[in-house]
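For the protein sequence lines, the chains are X and U, in the order given.
No gaps in the numbering here: position 13 of the first sequence is 10 in the working numbering, and each next residue is one more.
No gaps in the numbering here: position 746 of the second sequence is 755 in the working numbering, and each next residue is one more.
We treat Cβ as the ideally placed atom computed from N, Cα and C, and that holds for glycine.
Keep in mind that this is a model prediction, so the values were computed, not measured.
Have a look at the structure below, then the notes.
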Amino acid sequence: MDRVRMTQVTALILHAVGAGRRYGFDIMDATGLASGTVYPALRRLEEARLLRGRWEDAPAADRGGRPQRRLYELTGAGLTALDAAREKLAGAQAFLAASPPIREV
Amino acid sequence: MERGRGPLLALLVVAMAARLVHRRARERWRREWEGEILARWEELETRGALTRRARADILVRAAGSLIDALHYGNGRWRMAGFGQDVAVAVRTLARKPGLTLVVVPTLALGIGASTAMFTVARDVLLRPFPYPDPDRVVAVQDFAAGGGGAGNVTYPNIADLAEATTSFEAIGVTRWWSPALEDEGGSIVVRGATVTANYFDVLGVDAGLGRFFRSDEEGTGREPLVVLAHGFWRDRFGADPTVVGRELRLSGETYRVVGITGAAFEDPWMMGGPGLEPQVFRTVDSPPSEWPRSGRSWMGIGRIRADVSLETARSELDAAFAGLAEAYPEANRNRSVRLVPLRDRIAGPARPTLVTLLASVGILLLIACANLANLLLGRALDRQREFAVHKALGAAGWRLFNRSLAEAAVLSVVGGAAGLGLAWWLVGLAAGVGSRLPRPVTGDVDLGILAFAAMVTVGAGLLFGLGPALHAARAGAASPGRDGGRGNSHGRGTQRLRRALVVGELALTTSLLIGAGLMVRSFHRLGGVDLGLRAEGVVTVQLHGSAWWDLAPDAAQAQWDAVMEAVRAVPGVESAGAMDYVPLGGDYSCDGVAREDLPPPGPGEGMCAETRMVLPGAVATLGVPLVRGRLLEPTDRADRPHVALIDQNFADALWPGVDPLGKRFRVHTNVHEVVGIVGNMLHFGPGEVTRPQLYLHAPQDGWNGIQRGLTVLARGSDPGALVAPIRAAVAEVNPSIAIGTVETLDGYLRQTLAPNRFRTGLMVAFGATALLLALLGIAGVMNYSVTRRTREMGVRLALGAEPTEVRGLVLREGLRMGAVGMILGVIVAVVLAGRLEALLFEVGSRDPWVYGSVVALLGLATATACYVPAGRASRVDPVVALASE
């Protein structure tokens, strides 16, 4: 298992999944990220056990006559990582709010 | 993607991307993507939101699957098979750009040059003419028994042959015509052709605008008509359609425009290159019977009937010509007609040059590939240890083979792409005016060219990639020992392969250099030919205009006396004269002559002599030597006995074994007396045929010749500086005389030699490049050899060997390779050089001087290339060498 660097992309994806967007295309809709970004990140997050992937229920797919999609859920570790990321982000926002804008000299 | 058919395109992209995923995981991966795409599609369709934009969005997302596929699994590259090897190769090469920077330009040069040369050769040699059934269009040629010459025909012969045969739909003739077009814009000389009325029917083309000639529109007494070439109409008349029906003044005569050729029309007879094709076509103005039967200045062209084979047409034509030879023995004895497919007639002369250059470029590409193979093998030897480690960790041999081949593939594809770009540029150069090819180069990069480039690229990749790949595959046999497996037998095998490659490179280089050497020597011979005149220091100024044509003989005499006097008065002019056709200028006239004391020949018979109308001073200014007798004098006026200068060929032909001075002969309608014999000059340049030559004094021939055009010749130490004052002097005498081409005789000579210089230059460039590559190859191999044998050298030196002995050891090894290569190369050259003979002038294809020089040069160069590694070997410190073990 590799550790995943927490980047804006990974944080956004974890957040989207946490918010109930469970399919790849839905995550793209929610985050505005491209498929070439989302999918590799999903692979890494699943590999790092921050996300758990499983196949959607067969009847839903059968009704549409299409293959099953894969859906993603946060794991415990994923939830912890998301909280940590949110905390870091809140800190950064507080810093931005407190400091005056930096001007060019 | 279209409604109703589902997201087909998106699924196709995913299916393609799936090929990149490892086989074990492929189905699973693909199912996820297809599920997403189809679910989204279904959802949008249900909502009625399947807009064009939404469909495009799905396709864009599907494209992202390619990136996902590349990343799939473990967050690392997990590609399947060769795709993965390619990815690894790209990364490896990107890490060490040095190799790429050497290999890609070398390959691009090789592939680009061969693709460009192939394109040119295809366009010139293979592309069919843009006529219906082009294979049925043939050139009708007429040769003397000994062969030689351009195969020009006479109009009367062709007219009779057309009458006597049934194999042809039509046979026609064409010849050059250089009229001056006079309009408000002034007077310019245009390129024209005089054709029979059926000329365009023979080609089978239709007019782009208006019409072509009708069969009753040739011969005497008809209204003069012209057809304009499309390009000329576009450039000169702004593609104005009302030009058809308009009248044009051409060399003092009024012609009515009846039609314009189509935009794609290609006249087969281009005077030496694209951009030199005729701009106006007129019909022949007198019947065949009035043209000389011996003056062969026409080009014959025919269209064979669809139900007649070339062979049948040939035998029928032969029989008909035998009849003509009987009827007109004087003109047609010991001659024969030939039917040649038009493409062979037009492109044939360029074939030896193009084939030679194509072969040379191919050899150069082979040398480049050998060199790259060598480079990669050297690198593979250095990476022996890396391969061995891979093997020890369980990599299969084929895996290492694939990976190594993938590097070669990536290099060759990048090189091929760059080469295609280079080829495109080079073809553009070749397509430009002045390339002097007999047919235009279209430069279309079509499927054929792409296929050729792809084939060369793949071939090159295999050529230089296979050896290193095999090496990598077998490398693992060695243990990853501390010397990296250098000393093992496998490494020696690879080094042997490298030697073989270097020997091959040297062999090919030797043969290429011999070819280049032969052509250089031939070019020197050509440049050293005595032209029979002194070209340096002479400037020629062509005069145009019909203003002087209608002058009475006295007025003409007065005008030209004044002009020549004014020209001679120009400071710096040492001597001056004037004539109709300037030597080396390309044009000439062949007029029928016959002895006065024999019964006059029938119309159009008699011997064909290169005839020049001159004003006094021309022969002296050209530097043509007077052998005996006297030159033409200003006193040889119209009212004095008609005189002439001839050359020895003329004398031998008319009065064999007799002193020709004082003899008389007929030309045109007059009888002239020979007053002087001058040297023969090479009117068409070195290496070309010469005919009997004759100089007449223009005033004594009714100023006839002047109507063919008049060119002032002036000799001075700085001919360029004479042009402006000569122009001014002429304008002073008669401002209506227009100035045409201004060129020095040296300039004409350079133009004559230009194609030869061009191909010789290319061959030298190829040879030099080959030499450089071969030397780099041998230096690389020797360097490696010395490194590998450091210990051996150390031991030798420690045991008392002199450094010079060690140096000699290495030099001998290198020279041995060089010698083997050169011997092979000489053998190849001896076998192949015969093919070059058509391009050589007064140099045998086995010229020992050339072979000797090339061997000496290569021997010296090889020794130089080996000298540095040899010096390194002799400086090995025995202690260091032995301690390193």
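- For proline 56 (chain X), there are no neighbours in chain U by C-beta distance under 8 angstroms, as the nearest C-beta there is about 14 angstroms away.
- Between arginine 28 (chain U) and glycine 73 (chain U), the CB-CB gap reaches or exceeds 9 angstroms.
- Proximity of alanine 16 (chain X) to chain U, defined by a Cβ-Cβ separation below 9 angstroms, is not satisfied.
- Taking the C-beta atoms as reference points, histidine 681 (chain U) is found no nearer than 9 angstroms to valine 198 (chain U).
- Nearest Cα to phenylalanine 22 (chain X) within the set U:Pro609, U:Ala426, U:Ala71 and U:Ala439: U:Ala71.
- The alpha-carbon separation between glycine 240 (chain U) and glycine 217 (chain U) amounts to approximately 11 angstroms.
- The DSSP-derived three-state label of aspartate 668 (chain U) is coil.
- A distance below 9 angstroms separates the beta carbons of valine 835 (chain U) and serine 520 (chain U).
- Around the Cβ of serine 298 (chain U), a 10 Å sphere holds fewer than 16 other Cβ atoms; the residue is exposed.
- Interface residue (Cβ-Cβ distance to chain X less than 9 angstroms): histidine 80 (chain U) is classified as such.
- According to the DSSP secondary-structure assignment, serine 345 (chain U) is paired through a beta bridge with U:Phe152.
- The beta carbon of alanine 27 (chain U) sits no closer than 9 angstroms to any beta carbon of chain X.
- Counting along the chain, the unbroken alpha helix (DSSP H) around aspartate 80 (chain X) starts and ends at 73 to 95.
- In the DSSP assignment, serine 196 (chain U) is bridged to U:Glu191.
- With respect to the 9 angstroms criterion, leucine 375 (chain U) and arginine 507 (chain U) are not classified as neighbours on the basis of their beta carbons.
- Interface annotation, threonine 28 (chain X): not in contact with chain U, CB-CB separation never under 9 angstroms.
- Using a Cβ-Cβ cut-off of 9 angstroms, valine 99 (chain U) does not count as an interface residue toward chain X, since no Cβ of chain X sits closer than that to its own.
- For the set U:Leu703, U:Val742 and U:Gly546, the Cα lying nearest the Cα of tyrosine 757 (chain U) is the one of U:Gly546.
- DSSP places arginine 49 (chain X) inside the beta strand (DSSP E), whose first and last residues are 48 to 52.
- Under the three-state reduction of DSSP, tryptophan 434 (chain U) is assigned to helix.
- With respect to chain X, the C-beta atom of glycine 44 (chain U) has a partner C-beta closer than 9 angstroms.
- Using a CB distance below 8 angstroms, the part of the stretch 55 to 78 of chain U facing chain X consists of Val69, Arg70, Ala71, Ala72, Gly73, Ser74, Leu75, Ile76 and Asp77, ordered along the chain.
- Residue-level contact by beta carbon fails for alanine 272 (chain U) and chain X, as no gap is shorter than 9 angstroms.
- Cβ-Cβ distances below 8 angstroms link asparagine 689 (chain U) to Gly541, Asp656, Gln657, Asn658, Thr699 and Gln702 in the same chain, with the five nearest sequence neighbours on each side left out; the list follows chain order.
- For leucine 640 (chain U), the closest of U:Leu705, U:Gly594 and U:Asp589 by C-alpha to C-alpha distance is U:Leu705.
- Taking a beta-carbon distance threshold of 9 angstroms, arginine 49 (chain U) counts as an interface residue toward chain X.
- Shown here for arginine 530 (chain U): same chain residues with a beta carbon closer than 6 angstroms to its own, the five before and five after excluded, namely Val852 and Val859 in chain order.
- Beta-bridge annotation (DSSP): methionine 616 (chain U) is paired with U:Val602.
- A straight-line Cα-Cα distance of about 21 angstroms links leucine 784 (chain U) and glycine 474 (chain U).
- Residues of chain X with a Cβ closer than 9 angstroms to the Cβ of arginine 40 (chain U) are, in chain order, Trp52, Pro64, Gln65, Arg66 and Arg67.
- Less than 9 angstroms divides the Cβ of alanine 82 (chain X) from the Cβ of histidine 12 (chain X).
- Bounds of the beta strand (DSSP E) holding histidine 681 (chain U) are 679 to 687.
- CA-CA distance, alanine 828 (chain U) to glutamine 393 (chain U), rounds to 30 angstroms.
- Using a Cβ-Cβ distance cut-off of 8 angstroms, the stretch 51 to 70 of chain X and the stretch 108 to 118 of chain U are not in contact, since fewer than three pairs of beta carbons, one from each stretch, lie closer than that value.
- Of the candidates U:Val548, U:Leu517 and U:Arg646, U:Arg646 places its Cα closest to the Cα of proline 562 (chain U).
- If you draw a 10 Å sphere on the C-beta of glutamate 84 (chain X), you find fewer than 16 other C-beta atoms in it, and that means exposed.
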